[in-house]
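Chemist:
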Amino acid sequence: MNSGNRCGTSGPLDGFEDVRKYSVEGKRLHSATHEEILGGYTTDVYFVKTRDVLRDAGRLSAPVTAEVFARKNGVFAGLEEVMTLLAERNVEVEALREGDSFSPKEVLVRICGPYGEFGLYETVLLGMLASASSWATAARACVEAADGKPVLCFGARHVHPAIAPVMERTAVRVGGCSGASCILGARLAGIDPMGTVPHAAVLLVGDTVALAKHYDAVMPSGDQRIVLVDTFKDEAEETLRVAEALGDRLSAVRLDTPGERGGVSPDLVREIRYRLDLAGYGHVRIIASGGLYPDRIRELSAAGADAFGVGSYISHANPIDMTMDIKEIDGLPVAKRGRLPGRIENPRLIRVK
(Lines of atoms letter the chains of each structure in order from A and count residues from 1; the text may use other names and numbers.)
(Lines give C-alpha, C1' and ligand atoms only; values in the text may rest on other atoms or scores of the structure.)
Protein backbone atom coordinates (compact mmCIF):
# COMPACT_ATOMS: atom_id res chain seq x y z
CA MET A 1 0.00 0.00 0.00
CA ASN A 2 1.26 3.45 -0.91
CA SER A 3 0.95 5.57 2.22
CA GLY A 4 1.67 8.77 0.32
CA ASN A 5 4.49 11.27 0.17
CA ARG A 6 5.15 12.43 3.71
CA CYS A 7 7.89 14.92 2.69
CA GLY A 8 10.46 13.18 4.88
CA THR A 9 8.52 12.52 8.06
CA SER A 10 11.51 11.03 9.83
CA GLY A 11 11.30 14.07 12.11
CA PRO A 12 8.65 16.55 13.19
CA LEU A 13 7.38 19.40 11.05
CA ASP A 14 9.58 22.44 11.49
CA GLY A 15 7.82 25.18 9.55
CA PHE A 16 5.03 26.08 7.14
CA GLU A 17 7.16 25.28 4.11
CA ASP A 18 7.07 21.63 5.22
CA VAL A 19 3.28 21.77 5.21
CA ARG A 20 3.21 23.28 1.72
CA LYS A 21 5.37 20.44 0.41
CA TYR A 22 3.35 17.78 2.21
CA SER A 23 1.02 15.68 0.08
CA VAL A 24 -0.83 12.39 0.33
CA GLU A 25 -0.81 10.16 -2.71
CA GLY A 26 -2.27 6.78 -3.53
CA LYS A 27 -4.81 4.70 -1.67
CA ARG A 28 -4.45 4.43 2.07
CA LEU A 29 -6.50 4.23 5.23
CA HIS A 30 -7.53 7.70 6.35
CA SER A 31 -6.18 7.38 9.87
CA ALA A 32 -2.76 8.70 10.84
CA THR A 33 0.24 6.46 11.25
CA HIS A 34 2.33 6.61 14.41
CA GLU A 35 5.03 8.38 12.41
CA GLU A 36 2.57 11.05 11.26
CA ILE A 37 1.25 11.66 14.77
CA LEU A 38 4.72 11.95 16.29
CA GLY A 39 5.83 14.14 13.38
CA GLY A 40 3.08 16.68 14.00
CA TYR A 41 1.08 15.92 10.86
CA THR A 42 -2.21 15.74 12.79
CA THR A 43 -1.79 19.11 14.51
CA ASP A 44 -3.65 22.30 13.63
CA VAL A 45 -1.68 24.15 10.97
CA TYR A 46 -1.48 27.40 12.94
CA PHE A 47 0.88 25.76 15.42
CA VAL A 48 3.28 25.17 12.51
CA LYS A 49 2.94 28.77 11.30
CA THR A 50 3.61 29.84 14.89
CA ARG A 51 7.05 28.23 14.71
CA ASP A 52 8.02 30.43 11.74
CA VAL A 53 6.64 33.57 13.40
CA LEU A 54 8.38 32.94 16.73
CA ARG A 55 11.62 31.93 15.02
CA ASP A 56 11.62 35.22 13.13
CA ALA A 57 10.94 37.07 16.41
CA GLY A 58 13.71 35.21 18.21
CA ARG A 59 11.18 33.73 20.69
CA LEU A 60 10.76 30.12 19.59
CA SER A 61 12.96 28.90 22.44
CA ALA A 62 11.49 31.18 25.11
CA PRO A 63 10.98 29.24 28.37
CA VAL A 64 7.29 28.84 29.22
CA THR A 65 5.00 27.05 31.62
CA ALA A 66 1.78 25.65 30.17
CA GLU A 67 -1.11 24.09 32.08
CA VAL A 68 -3.92 21.80 30.91
CA PHE A 69 -7.39 21.80 32.48
CA ALA A 70 -10.96 20.70 31.74
CA ARG A 71 -14.25 22.46 32.46
CA LYS A 72 -16.07 19.46 33.95
CA ASN A 73 -15.52 16.54 36.28
CA GLY A 74 -13.92 13.39 34.97
CA VAL A 75 -11.41 10.58 35.28
CA PHE A 76 -7.92 11.45 34.05
CA ALA A 77 -6.51 9.29 31.25
CA GLY A 78 -4.27 9.53 28.20
CA LEU A 79 -1.06 10.42 30.03
CA GLU A 80 0.84 7.38 28.83
CA GLU A 81 0.42 8.40 25.19
CA VAL A 82 1.24 12.03 25.96
CA MET A 83 4.48 10.93 27.59
CA THR A 84 5.35 8.91 24.49
CA LEU A 85 4.66 12.02 22.41
CA LEU A 86 6.98 14.13 24.59
CA ALA A 87 9.60 11.46 25.28
CA GLU A 88 12.30 13.06 23.13
CA ARG A 89 11.41 16.65 23.98
CA ASN A 90 13.43 18.80 26.39
CA VAL A 91 10.59 19.53 28.81
CA GLU A 92 9.57 18.85 32.40
CA VAL A 93 6.10 17.44 33.01
CA GLU A 94 3.90 17.17 36.08
CA ALA A 95 0.50 15.47 35.96
CA LEU A 96 -2.20 13.68 37.84
CA ARG A 97 -2.03 9.90 37.86
CA GLU A 98 -4.08 8.06 35.27
CA GLY A 99 -7.29 7.05 36.99
CA ASP A 100 -7.43 10.08 39.30
CA SER A 101 -10.79 11.85 39.42
CA PHE A 102 -10.59 15.57 38.69
CA SER A 103 -12.70 18.69 39.14
CA PRO A 104 -13.53 21.56 36.77
CA LYS A 105 -10.57 23.94 36.19
CA GLU A 106 -8.19 21.70 38.17
CA VAL A 107 -4.70 21.62 36.64
CA LEU A 108 -4.25 18.17 35.11
CA VAL A 109 -0.88 18.55 33.37
CA ARG A 110 1.88 21.16 33.64
CA ILE A 111 4.63 21.38 31.01
CA CYS A 112 7.74 23.51 31.46
CA GLY A 113 10.38 24.13 28.81
CA PRO A 114 11.20 26.00 25.61
CA TYR A 115 7.98 26.64 23.69
CA GLY A 116 9.49 25.25 20.50
CA GLU A 117 9.96 21.88 22.19
CA PHE A 118 6.25 21.16 22.61
CA GLY A 119 4.02 23.91 21.19
CA LEU A 120 3.61 22.07 17.90
CA TYR A 121 1.89 19.21 19.74
CA GLU A 122 -0.85 21.15 21.56
CA THR A 123 -3.62 19.79 19.33
CA VAL A 124 -2.31 16.25 19.56
CA LEU A 125 -1.82 16.01 23.32
CA LEU A 126 -5.16 17.70 24.07
CA GLY A 127 -6.90 15.24 21.76
CA MET A 128 -5.21 12.32 23.48
CA LEU A 129 -6.23 13.53 26.94
CA ALA A 130 -9.76 14.56 25.95
CA SER A 131 -10.67 11.29 24.25
CA ALA A 132 -9.09 8.98 26.81
CA SER A 133 -10.51 10.90 29.79
CA SER A 134 -14.00 10.78 28.26
CA TRP A 135 -13.83 7.01 27.78
CA ALA A 136 -12.33 6.45 31.22
CA THR A 137 -15.05 8.54 32.86
CA ALA A 138 -17.85 6.63 31.13
CA ALA A 139 -16.27 3.26 31.87
CA ARG A 140 -15.75 4.16 35.53
CA ALA A 141 -19.44 5.14 35.83
CA CYS A 142 -20.47 1.71 34.49
CA VAL A 143 -18.03 -0.13 36.76
CA GLU A 144 -19.31 1.73 39.80
CA ALA A 145 -22.90 0.97 38.81
CA ALA A 146 -22.06 -2.74 38.54
CA ASP A 147 -20.78 -2.67 42.15
CA GLY A 148 -18.14 -5.35 41.80
CA LYS A 149 -19.68 -7.36 38.96
CA PRO A 150 -17.65 -7.50 35.73
CA VAL A 151 -18.13 -4.89 33.02
CA LEU A 152 -16.84 -5.76 29.56
CA CYS A 153 -16.08 -3.10 26.95
CA PHE A 154 -17.72 -3.96 23.63
CA GLY A 155 -17.36 -0.54 22.01
CA ALA A 156 -14.97 -1.17 19.12
CA ARG A 157 -17.71 -1.39 16.50
CA HIS A 158 -18.95 2.09 17.36
CA VAL A 159 -15.76 4.02 16.55
CA HIS A 160 -13.11 4.18 13.84
CA PRO A 161 -10.78 1.17 14.06
CA ALA A 162 -7.78 3.47 14.42
CA ILE A 163 -8.97 4.57 17.87
CA ALA A 164 -10.87 1.47 19.00
CA PRO A 165 -7.79 -0.05 20.69
CA VAL A 166 -7.08 3.21 22.53
CA MET A 167 -10.65 3.30 23.81
CA GLU A 168 -10.78 -0.31 24.98
CA ARG A 169 -7.32 -0.18 26.56
CA THR A 170 -8.41 2.94 28.44
CA ALA A 171 -11.71 1.39 29.53
CA VAL A 172 -9.82 -1.52 31.09
CA ARG A 173 -6.61 0.02 32.42
CA VAL A 174 -8.11 3.28 33.66
CA GLY A 175 -11.88 2.89 33.72
CA GLY A 176 -11.80 -0.45 35.52
CA CYS A 177 -13.55 -2.70 33.00
CA SER A 178 -12.81 -6.40 33.43
CA GLY A 179 -12.44 -7.20 29.77
CA ALA A 180 -12.44 -5.94 26.19
CA SER A 181 -13.45 -7.52 22.91
CA CYS A 182 -11.04 -5.67 20.59
CA ILE A 183 -7.96 -7.84 20.19
CA LEU A 184 -5.37 -5.03 20.09
CA GLY A 185 -7.17 -3.05 22.80
CA ALA A 186 -7.11 -6.03 25.14
CA ARG A 187 -3.46 -6.76 24.44
CA LEU A 188 -2.53 -3.13 25.11
CA ALA A 189 -4.34 -3.51 28.43
CA GLY A 190 -2.33 -6.65 29.19
CA ILE A 191 -5.26 -9.08 29.08
CA ASP A 192 -6.77 -11.66 26.73
CA PRO A 193 -9.59 -10.41 24.49
CA MET A 194 -13.04 -11.61 25.56
CA GLY A 195 -16.00 -12.61 23.42
CA THR A 196 -17.89 -15.57 22.04
CA VAL A 197 -19.63 -15.63 18.65
CA PRO A 198 -22.09 -13.16 17.09
CA HIS A 199 -25.70 -13.63 16.02
CA ALA A 200 -24.37 -14.18 12.50
CA ALA A 201 -22.86 -17.51 13.57
CA VAL A 202 -26.10 -18.63 15.20
CA LEU A 203 -28.08 -17.66 12.10
CA LEU A 204 -25.69 -19.51 9.79
CA VAL A 205 -25.77 -22.69 11.87
CA GLY A 206 -29.54 -22.40 12.12
CA ASP A 207 -30.11 -23.40 15.74
CA THR A 208 -28.78 -22.08 19.05
CA VAL A 209 -28.18 -25.50 20.60
CA ALA A 210 -26.42 -26.76 17.47
CA LEU A 211 -24.24 -23.65 17.53
CA ALA A 212 -23.44 -24.22 21.21
CA LYS A 213 -22.34 -27.79 20.50
CA HIS A 214 -20.08 -26.71 17.63
CA TYR A 215 -18.63 -23.96 19.81
CA ASP A 216 -17.97 -26.46 22.58
CA ALA A 217 -16.30 -28.83 20.13
CA VAL A 218 -13.81 -26.40 18.61
CA MET A 219 -12.86 -23.98 21.38
CA PRO A 220 -9.93 -24.84 23.71
CA SER A 221 -10.85 -26.20 27.13
CA GLY A 222 -9.82 -23.02 28.92
CA ASP A 223 -12.18 -20.82 26.89
CA GLN A 224 -15.45 -20.11 28.68
CA ARG A 225 -18.60 -21.42 27.00
CA ILE A 226 -20.84 -18.36 26.76
CA VAL A 227 -23.77 -18.59 24.37
CA LEU A 228 -26.15 -16.00 22.94
CA VAL A 229 -29.74 -17.08 23.61
CA ASP A 230 -31.89 -14.45 21.90
CA THR A 231 -31.57 -15.29 18.20
CA PHE A 232 -34.50 -17.60 17.40
CA LYS A 233 -36.70 -18.47 20.37
CA ASP A 234 -37.80 -17.15 23.74
CA GLU A 235 -34.68 -16.37 25.75
CA ALA A 236 -35.69 -18.47 28.77
CA GLU A 237 -36.48 -21.44 26.55
CA GLU A 238 -33.19 -21.17 24.66
CA THR A 239 -31.28 -20.79 27.92
CA LEU A 240 -32.59 -24.06 29.28
CA ARG A 241 -32.03 -25.87 25.97
CA VAL A 242 -28.39 -24.76 25.91
CA ALA A 243 -27.89 -25.57 29.60
CA GLU A 244 -29.25 -29.09 29.06
CA ALA A 245 -26.97 -29.56 26.05
CA LEU A 246 -23.72 -28.37 27.66
CA GLY A 247 -24.38 -29.01 31.34
CA ASP A 248 -21.47 -28.10 33.58
CA ARG A 249 -19.44 -26.87 30.60
CA LEU A 250 -21.77 -23.89 30.08
CA SER A 251 -20.33 -20.86 31.86
CA ALA A 252 -22.92 -18.24 30.96
CA VAL A 253 -25.61 -17.11 28.60
CA ARG A 254 -25.63 -13.68 27.02
CA LEU A 255 -28.77 -11.63 26.54
CA ASP A 256 -28.69 -9.07 23.76
CA THR A 257 -32.39 -8.78 22.97
CA PRO A 258 -32.94 -5.93 20.47
CA GLY A 259 -35.02 -2.90 21.25
CA GLU A 260 -37.58 -4.05 18.69
CA ARG A 261 -38.40 -6.90 21.10
CA GLY A 262 -38.23 -4.82 24.26
CA GLY A 263 -34.52 -5.11 24.97
CA VAL A 264 -33.03 -6.83 28.01
CA SER A 265 -35.43 -6.10 30.86
CA PRO A 266 -35.13 -6.75 34.60
CA ASP A 267 -38.14 -9.08 34.40
CA LEU A 268 -36.47 -11.14 31.69
CA VAL A 269 -33.28 -11.46 33.72
CA ARG A 270 -35.28 -12.37 36.81
CA GLU A 271 -37.18 -15.10 34.98
CA ILE A 272 -34.08 -16.66 33.44
CA ARG A 273 -32.26 -16.64 36.78
CA TYR A 274 -35.25 -18.32 38.44
CA ARG A 275 -35.59 -20.99 35.74
CA LEU A 276 -31.87 -21.77 35.72
CA ASP A 277 -31.82 -22.19 39.50
CA LEU A 278 -34.99 -24.28 39.44
CA ALA A 279 -33.51 -26.63 36.85
CA GLY A 280 -30.26 -27.05 38.79
CA TYR A 281 -28.07 -24.75 36.70
CA GLY A 282 -27.16 -22.27 39.39
CA HIS A 283 -23.58 -22.12 38.08
CA VAL A 284 -24.68 -20.55 34.78
CA ARG A 285 -24.20 -16.78 34.84
CA ILE A 286 -26.25 -14.20 32.97
CA ILE A 287 -24.42 -11.58 30.91
CA ALA A 288 -26.53 -8.63 29.79
CA SER A 289 -25.65 -6.39 26.84
CA GLY A 290 -27.28 -4.06 24.36
CA GLY A 291 -27.50 -0.31 24.92
CA LEU A 292 -26.55 -0.46 28.59
CA TYR A 293 -25.80 2.60 30.72
CA PRO A 294 -25.20 3.03 34.49
CA ASP A 295 -28.83 3.22 35.65
CA ARG A 296 -29.77 0.24 33.48
CA ILE A 297 -26.82 -1.72 34.83
CA ARG A 298 -28.05 -1.13 38.39
CA GLU A 299 -31.54 -2.35 37.48
CA LEU A 300 -30.33 -5.48 35.74
CA SER A 301 -27.83 -6.23 38.49
CA ALA A 302 -30.58 -6.08 41.10
CA ALA A 303 -32.62 -8.47 38.94
CA GLY A 304 -29.81 -11.04 38.88
CA ALA A 305 -27.49 -10.23 35.98
CA ASP A 306 -23.89 -11.25 36.72
CA ALA A 307 -21.92 -9.25 34.14
CA PHE A 308 -22.46 -6.49 31.62
CA GLY A 309 -21.26 -5.83 28.08
CA VAL A 310 -21.17 -2.09 27.40
CA GLY A 311 -20.52 -0.57 23.98
CA SER A 312 -21.89 2.77 22.88
CA TYR A 313 -22.13 4.33 26.36
CA ILE A 314 -18.33 4.13 26.59
CA SER A 315 -17.44 4.70 22.95
CA HIS A 316 -19.85 7.66 22.62
CA ALA A 317 -18.95 9.14 25.99
CA ASN A 318 -19.78 12.77 26.64
CA PRO A 319 -16.78 14.83 25.49
CA ILE A 320 -14.42 16.27 28.07
CA ASP A 321 -12.79 19.18 26.30
CA MET A 322 -9.25 20.03 27.34
CA THR A 323 -7.59 23.46 27.23
CA MET A 324 -3.89 24.33 27.44
CA ASP A 325 -2.87 27.84 28.54
CA ILE A 326 0.55 29.42 28.78
CA LYS A 327 0.84 30.70 32.36
CA GLU A 328 4.47 31.84 32.55
CA ILE A 329 6.96 33.24 30.03
CA ASP A 330 10.59 33.79 31.02
CA GLY A 331 9.55 32.94 34.58
CA LEU A 332 6.99 35.75 34.77
CA PRO A 333 3.23 35.23 35.29
CA VAL A 334 1.14 35.80 32.18
CA ALA A 335 -2.32 34.89 30.86
CA LYS A 336 -4.79 35.88 28.19
CA ARG A 337 -7.93 37.77 29.22
CA GLY A 338 -10.28 35.71 31.33
CA ARG A 339 -7.54 33.52 32.78
CA LEU A 340 -5.51 33.92 35.96
CA PRO A 341 -1.80 34.59 35.30
CA GLY A 342 0.85 32.36 36.82
CA ARG A 343 0.79 28.76 37.95
CA ILE A 344 -2.39 27.41 39.52
CA GLU A 345 -1.15 25.22 42.32
CA ASN A 346 -2.32 21.62 42.56
CA PRO A 347 -0.59 19.51 45.22
CA ARG A 348 -1.86 16.35 43.53
CA LEU A 349 0.46 16.78 40.55
CA ILE A 350 3.47 14.47 40.46
CA ARG A 351 6.63 14.81 38.39
CA VAL A 352 6.47 12.37 35.47
CA LYS A 353 9.29 13.72 33.27
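Take 508 as the starting number for the sequence shown in my numbering and just add one per residue.
Glycine included, every Cβ here is placed at the ideal spot set by N, Cα and C.
1) Give the DSSP bridge partners of residue 617, in chain order.
2) DSSP state of residue 510, grouped into three classes?
3) Assuming contact is defined by CB atoms lying nearer than 8 Å, are residue 746 and residue 706 in contact in what I supplied?
4) What whole-angstrom Cβ distance do residue 564 and residue 621 have, given they're in contact under 8 Å?
5) What do you reckon, are the CB atoms on residue 553 and residue 520 nearer than 8 Å?
6) Is it buried or exposed for residue 662, if we count other Cβ within 10 angstroms and need 16 for buried?
7) Tell me whether the region 721–737 and the region 755–765 touch, counting them as touching only if at least three CB pairs, one residue from each stretch, are closer than 8 Å.
8) Closest by CA to residue 558, which one among 526, 800, 844, 613?
9) Please report the residue range of the beta strand (DSSP E) in which residue 527 lies.
10) In the DSSP assignment, what are the bridge partners of residue 835?
11) Ends of the beta strand (DSSP E) at residue 816?
12) How should residue 672 be labelled, buried or exposed, when 16 other C-beta atoms within 10 angstroms of its C-beta is the threshold for buried?
13) Just how far apart, CA to CA, sit residue 616 and residue 681?
14) Can you list, in chain order, the stretches of the alpha helix (DSSP H) that have 4 or more residues and sit fully within the region 692–747?
15) Look at the Cβ atom of residue 503, then the Cβ atom of residue 586, and state whether they are nearer than 8 Å.
16) Give me, in chain order, the residues of the same chain whose beta-carbon lies closer than 8 Å to that of residue 789; leave out the 5 immediate sequence neighbours on both sides.
17) With residue 779 as the anchor, note down where its beta strand (DSSP E) starts and where it stops.
18) Note down, in chain order, each residue of its chain lying with its Cβ closer than 6 Å to the Cβ of residue 677, except the 5 sequence neighbours on either side.
19) From residue 715 to residue 743, what does the alpha carbon distance come to, in whole angstroms?
20) Enumerate in chain order the residues of its own chain whose CB-to-CB distance from residue 683 is below 7 Å, with the five nearest sequence positions on each side excluded.
21) What residues match up with residue 796 in a beta bridge as DSSP calls it?
Modeler: Let me spell this out:
1) 574, 601
2) Since pLDDT at residue 510 reaches only 39, below the 50 mark, its modelled position is unreliable, and the value read off the structure follows with that caveat. Residue state, collapsed to three classes: coil.
3) no
4) Not confirmed; about 14 Å, so no contact.
5) no
6) buried
7) yes
8) 526
9) First-last for residue 527: 523–528, but that is the alpha helix (DSSP H), not the beta strand (DSSP E).
10) 572, 840
11) 814–817
12) buried
13) 17 Å
14) 706–712, 715–725
15) Past the edges of the chain, shown from 508 to 860, lies residue 503, and the structure says nothing about it.
16) 783
17) Element bounds for residue 779: not the beta strand (DSSP E) but the alpha helix (DSSP H), 773–785.
18) 584, 639, 642, 643
19) 12 Å
20) 646, 647, 650
21) 816
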